[in-house]
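Working notes, structure below.
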Amino acid sequence: MTAQQAQDEIILSVRKVSKRFGGLQALCDVTFDLPRGQILGLIGPNGAGKTTLFNAINGIYPPEQGRVIFRGTDITGWQPYNVARLGMARTHQIVRPLNELTVLENVVAGACFGHEHHPLGQARVIASEVLAFVELAARHDALAGSLNVAQKKRLELARALAARPHLLLLDEVLAGLNPKEIDEMIRVVRQVREQGITILIIEHVMHALMSVSDRVIVLDYGEQIAAGTPAEVANNPRVIEAYLGDPELAERMMTSA
Amino acid sequence: MAYLEVTDLTSGYGELQILWGVSLALERGQLTALVGSNGAGKTTLLRTIMGLTRPWHGKISFEGRDVTRLAAHAKADLGLILVPEGRQLFTAMSVYENLEMGAYTRRAMNNLKSNLERVYDLFPRLKERSGQKAGTLSGGEQQMLAVARGLMAEPRILMFDELSLGLAPVLVMSLFQVLRRLKTEGLTMLLVEQNVQLALAVSDYAFVLSEGRIGIQGQAAEVRKMDQVRRVYLGI
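Protein sequences, first through last, are from chains A and B.
Quick note on the working numbering: the first sequence kicks off at 300 and runs consecutively.
Quick note on the working numbering: the second sequence kicks off at 73 and runs consecutively.
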C-alpha cells in the first residue's frame with residue numbers, strides 16, 4: 300500500500316446508524332467516514348447523543364438500524380471485547396481505574412485486551428512505554444486510586460493506548476482539567492495521532508477540540524446537523540442555533556404581550 | 073453599590089477548581105443573565121453564591137453585608153433563593169405542600185396566604201392541581217412549581233438554574249412571560265439559561281462565563297450582537 304493509499308483508507312465507516320431509548324430517538328441515521336490518520340471531533344449540545352454514538356460504534360449498545368464498518372469488517376452488533384480485539388480502544392467520560400491495582404497494572408490490563416495477543420511479560424514492556432509516553436512513569440508503582448484528576452485522565456488514556464489501537468475513541472479526556480493540564484493533554488493527543496493512530500474525540504472544551512480536529516461533525520437531538528472543518532461548522536447557522544438557541548423564538552417572546 | 077456583589081470568587085469540588093476568580097454585580101430590580109458553555113461553572117457559581125458549595129477565596133456581599141461564609145439556610149432567610157436545575161421538588165408531596173415548603177422561613181411563613189394567592193395568580197395551573205402529587209405533574213408544570221416554590225420564600229434575589237431545559241417551546245414562552253412580569257414587579261433575578269438567545273432577549277445585563285472566568289459582560293442587547301459569544305460556545 301502506498302502512503303497515499305494508506306491516507307485514503309477509510310478506517311471507520313458509520314452508515315445510517317439509529318438508536319432509540321423508549322420514546323427518545325437518541326441517534327437518527329448518523330453517517331460519516333473517518334479516514335485513517337485523521338482526528339475527527341464530535342460535538343453537540345448536552346444530550347445530543349455523542350456518547351451514545353460511541354457506545355453504538357464500539358458495541359456497548361447494538362444500533363437498531365445501520366452498519367458500523369471498521370477496518371473493512373462489518374462489526375455491527377459485535378461485543379465490545381471483540382471490537383477491542385480488532386483494534387478499537389476508548390476512554391470513558393467517567394474514569395474508573397482499578398483502584399486497588401497499581402498504575403502499571405492498570406495499563407498492563409489494557410495491553411492484554413488489545414488486538415495484539417501479548418503474554419504478560421511483553422504487556423509489561425508495552426505498559427511501561429505507554430506510561431512514559433503519557434508522562435506518568437514516575438507514578439507507575441502508585442495505587443491508581445491515589446492519583447489526582449489529571450493523572451487519572453492520563454491513566455485512562457494510557458490504558459487505551461496500551462491496547463495499541465488503530466482507532467482511539469476519546470470521551471471528554473479534558474473534563475476536569477485546568478487550562479495548563481488541558482494544553483498538556485492536547486499535546487499528548489497530537490502525539491498519539493503522529494504515531495498513526497486515528498482519533499474520534501468528544502470534547503466540551505471547544506477551543507481545544509476545534510484546534511486539534513481536522514474535521515468536526517455536529518449532533519443535535521441525535522441528528523447529524525453539520526460536518527466540515529472546524530471553521531465551517533463554527534460558522535454554520537444550524538450549529539450556532541443548536542448551541543445558542545433560536546433567535547426567532549427570542550424575538551417572538553419579546554414582541555408578544 | 074451593587075445589590076449583590078461577588079468579588080474574585082474561587083471554588084470547586086475536592087481538588088477540582090471550577091471558578092477562577094469570578095467577579096460580578098447584580099443591580100437591584102434588574103434581570104441579569106449568566107450564560108456560558110457546558111462545564112463553564114454556571115451551576116457552581118450559583119451554588120457558591122447560595123452557600124451550597126464552599127467558597128475557597130473571594131467575597132460575596134448582599135446589600136453591603138458580607139455573606140461569604142453564611143450557610144445556605146441563613147442566606148435563604150436573607151432572601152437569596154435558588155430555583156435549582158432539575159427542579160428538586162418533593163415529588164411525593166402535593167403541589168400545595170411543596171409551596172408551603174418554600175415558605176418555611178419565618179418572614180415568608182407570616183405571609184403564606186397572600187403569597188399563595190400571588191403564585192396561583194401567576195400559575196393558575198398550580199391552583200387547579202394543588203392537591204395533586206408533584207411527581208405526577210408534567211415537566212412544564214413541575215418547572216412552574218419550582219419557580220412558584222421559590223417565590224413563596226419571598227426572594228429578594230431569585231436565581232434560576234436552567235429554567236427552560238427539557239421543556240417544549242410553548243412552555244418556555246410562558247415561563248419567560250412570567251419572568252418578564254416578575255421583572256416589571258421589581259424583583260431582582262439571576263438567570264442561568266442554556267438558551268442564550270432567550271436569556272439575552274429577556275435580560276437587562278449579561279455575564280458570559282467561560283472556563284470558570286467571566287469573559288464578556290455588558291448590556292444584554294449589546295452582548296447579543298457580539299460574535300465573541302458564538303466563539304465562547306464554539307471555540308473559534
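All C-beta atoms in this analysis are idealised placements derived from N, C-alpha and C, irrespective of residue type, glycine included.
Keep in mind it's a predicted model, so treat the numbers as computed, not measured.
Item to check | For H145/B and I382/B, the rounded distance between their alpha carbons | outcome: It is not possible to answer for residue 382/B, since the shown part of chain B is limited to 73 through 308.
Checklist entry - Under the three-state reduction of DSSP, which class applies to H129/B: helix, strand or coil? => result Position 57 of the second sequence, counted from the start, is the residue given in the question as residue 129/B. Of the three classes helix, strand and coil, the one that applies to H129/B here is strand, per DSSP.
Item to check | Alpha-carbon spacing of L468/A relative to E455/A, whole angstroms | outcome: Mapped onto the first sequence, residue 468/A falls at position 169. Mapped onto the first sequence, residue 455/A falls at position 156. Their backbone Cα atoms lie some 12 Å apart in a straight line.
Next on the checklist: Suppose you measure from the CA of N267/B to the CA of V219/B; what does that come to, to the nearest Å?
Outcome noted: Working through the second sequence from its first residue, we reach residue 267/B at position 195. Working through the second sequence from its first residue, we reach residue 219/B at position 147. Near 18 Å, if we compare the C-alpha coordinates of V219/B and N267/B.
Next on the checklist: So that I know if they touch, is there some Cβ in chain B lying closer than 9 Å to that of S510/A?
Outcome noted: For the purposes of this step, residue 510/A is taken as residue 211 along the first sequence, with counting starting at 1. Yes, because at least one Cβ of chain B sits closer than 9 Å to the Cβ of S510/A.
Checklist entry - Which chain B residues sit within Cβ distance under 9 Å of N345/A? => result Reading the first sequence from its first residue, position 46 is the one you call residue 345/A. Within 9 Å Cβ-Cβ: N110, L237 and Q266.
Checklist entry - Looking at the structure shown, is Q266/B part of a helix, part of a strand, or coil, going by DSSP? => result Locating residue 266/B in the second sequence gives position 194, where the first residue counts as 1. Note: Q266/B maps to coil in three-state DSSP.
Next on the checklist: Between G348/A and chain B, is the shortest Cβ-Cβ distance under 9 Å, so that the two count as touching?
Outcome noted: The count along the first sequence starts at 1 and reaches residue 348/A at position 49. No, G348/A lies away from the interface with chain B (no Cβ there is under 9 Å from its Cβ).
Checklist entry - Quick one, are the C-beta atoms of A507/A and A459/A less than 9 Å apart? => result Translated into the one-based positions of the first sequence, residue 507/A becomes position 208. Translated into the one-based positions of the first sequence, residue 459/A becomes position 160. No.
Next on the checklist: Distance check for Y380/A and E415/A, CA to CA, integer angstroms please.
Outcome noted: For the purposes of this step, residue 415/A is taken as residue 116 along the first sequence, with counting starting at 1. For the purposes of this step, residue 380/A is taken as residue 81 along the first sequence, with counting starting at 1. Cα to Cα, the separation comes out at about 13 Å.
Checklist entry - How would you write the range of the alpha helix (DSSP H) that R514/A sits in, first residue to last? => result Stepping through the first sequence from its first residue, residue 514/A is reached at position 215. From DSSP, R514/A is part of no alpha helix (DSSP H) but of the beta strand (DSSP E) over R514 to D519.
Next on the checklist: By alpha-carbon positions, which one of A164/B, A273/B and I229/B ends up nearest to T260/B?
Outcome noted: Residue 260/B sits at position 188 when you count from the first residue of the second sequence. The residue with the shortest Cα to Cα distance from T260/B is I229/B.
Item to check | As assigned by DSSP and simplified to three states, the class of L373/A | outcome: The count along the first sequence starts at 1 and reaches residue 373/A at position 74. The amino acid at residue 373/A is misidentified as Leu; the sequence shows Asp. Of the three classes helix, strand and coil, the one that applies to D373/A here is strand, per DSSP.
Checklist entry - Any Cβ of chain B within less than 9 Å of the Cβ of H503/A? => result As a working mapping, residue 503/A is identified with position 204 in the first sequence. Closer than 9 Å: yes.
Item to check | Residues near I425/A in its chain [Cβ-Cβ closer than 6 Å; skip 5 each side] | outcome: Counting from 1 along the first sequence, the entry for residue 425/A is found at position 126. Cβ neighbours of I425/A beyond the five flanking positions: A410 and A461.
Checklist entry - Out of A292/B, L272/B and D276/B, which has the shortest C-alpha to C-alpha gap to G544/A? => result Here residue 544/A refers to the residue found at position 245 when the first sequence is read from its first residue. Answer by Cα proximity: L272/B.
Checklist entry - Would you report the Cα separation of R486/A and F432/A, rounded to the nearest angstrom? => result For the purposes of this step, residue 486/A is identified with residue 187 of the first sequence, where counting begins at 1. For the purposes of this step, residue 432/A is identified with residue 133 of the first sequence, where counting begins at 1. Their Cα atoms are separated by approximately 11 Å.
Item to check | Nearest-angstrom Cα separation, counted from E434/A out to L400/A | outcome: Working through the first sequence from its first residue, we reach residue 400/A at position 101. Working through the first sequence from its first residue, we reach residue 434/A at position 135. Each residue's Cα considered, the two are about 19 Å apart.
Checklist entry - Using a beta-carbon distance below 9 Å, is G475/A in contact with chain B? => result Taking the first sequence and counting its residues from 1, one reaches residue 475/A at position 176. Judged by the 9 Å Cβ criterion, G475/A is in contact with chain B.
Next on the checklist: Do M552/A and L270/B count as a contact pair if the criterion is CB distance below 9 Å?
Outcome noted: Counting from one through the second sequence, the residue named residue 270/B turns up at place 198. Counting from one through the first sequence, the residue named residue 552/A turns up at place 253. Yes, these two residues count as a Cβ contact at 9 Å.
Next on the checklist: Beta carbons nearer than 9 Å to chain A: which residues of the segment 286 to 306 of chain B have them?
Outcome noted: R296, V301, R302, R303, V304, Y305 and L306
Checklist entry - Okay, do the segment 81 to 92 of chain B and the segment 108 to 120 of chain B touch, 3+ Cβ pairs below 8 Å being the bar? => result yes
Checklist entry - What are the start and end residues of the alpha helix (DSSP H) that includes F412/A? => result On the first sequence, residue 412/A is found 113 positions in, with the first residue counted as 1. Element bounds for F412/A: n/a, residue is neither H nor E.
Checklist entry - Which same chain residues, not among the five before or five after Q204/B, have their C-beta less than 8 Å away from its C-beta? => result In the second sequence, counting from the first residue as 1, residue 204/B sits at position 132. Closer than 8 Å at Cβ, skipping near neighbours: S166 and V167.
Item to check | Completely contained beta strand (DSSP E) runs for the segment 136 to 171 of chain B, where each covers 3 or more residues | outcome: 152 to 155
Item to check | Cβ neighbour criterion (16 or more within 10 Å) applied to K318/A | outcome: For the purposes of this step, residue 318/A is taken as the residue at position 19 of the first sequence. K318/A is buried by the Cβ-count criterion.
Next on the checklist: Using the three-state DSSP reduction, which class does F353/A fall into: helix, strand or coil?
Outcome noted: Walking along the first sequence from the start, residue 353/A turns up at place 54. In the structure shown, F353/A sits in a helix (DSSP, three-state: H, G or I).
Next on the checklist: Taking 9 Å as the threshold (beta carbon to beta carbon), is D513/A in contact with chain B?
Outcome noted: As a working mapping, residue 513/A is identified with position 214 in the first sequence. By this cut-off, D513/A is not an interface position.
Next on the checklist: Tell me whether E404/A, by its Cβ, gets closer than 8 Å to a heavy atom of the ligand FMN.
Outcome noted: You won't find the ligand FMN in this model; it holds no ligand whatsoever.
Next on the checklist: Relative to the C-alpha of I498/A, which candidate in L352/A, A533/A, P464/A and I359/A has its C-alpha closest?
Outcome noted: If you number the first sequence from 1, residue 498/A lands on position 199. If we check each option's Cα against that of I498/A, P464/A comes out closest.
Checklist entry - Along chain A, which residues have their Cβ under 9 Å away from the Cβ of Q269/B? => result If you number the second sequence from 1, residue 269/B lands on position 197. Within 9 Å Cβ-Cβ: E540, L543, G544, D545, P546, E547, L548, A549 and E550.
Item to check | Length of the line joining the Cα atoms of V429/A and A457/A | outcome: If you number the first sequence from 1, residue 429/A lands on position 130. If you number the first sequence from 1, residue 457/A lands on position 158. Using only the alpha carbons, I get a separation of about 6 Å.
Item to check | chain B residues whose Cβ lies nearer than 9 Å to that of V424/A | outcome: As a working mapping, residue 424/A is identified with position 125 in the first sequence. Within 9 Å Cβ-Cβ: nothing; V424/A doesn't reach chain B, min ~32 Å.
Checklist entry - Would you say G336/A and V515/A are within 9 Å of each other, going by their C-beta atoms? => result In the first sequence, residue 336/A corresponds to position 37, counting from 1. In the first sequence, residue 515/A corresponds to position 216, counting from 1. The answer is no: Cβ separation not under 9 Å.
Checklist entry - Between I481/A and L473/A, what straight-line distance do the alpha-carbon atoms span, to the nearest angstrom? => result Stepping through the first sequence from its first residue, residue 481/A is reached at position 182. Stepping through the first sequence from its first residue, residue 473/A is reached at position 174. Whole-angstrom Cα-Cα distance: 6 Å.
Checklist entry - Can you tell me where the alpha helix (DSSP H) with D440/A in it begins and where it stops? => result In the first sequence, the residue the question calls residue 440/A occupies position 141. Careful: D440/A lies outside any alpha helix (DSSP H) and carries neither H nor E.
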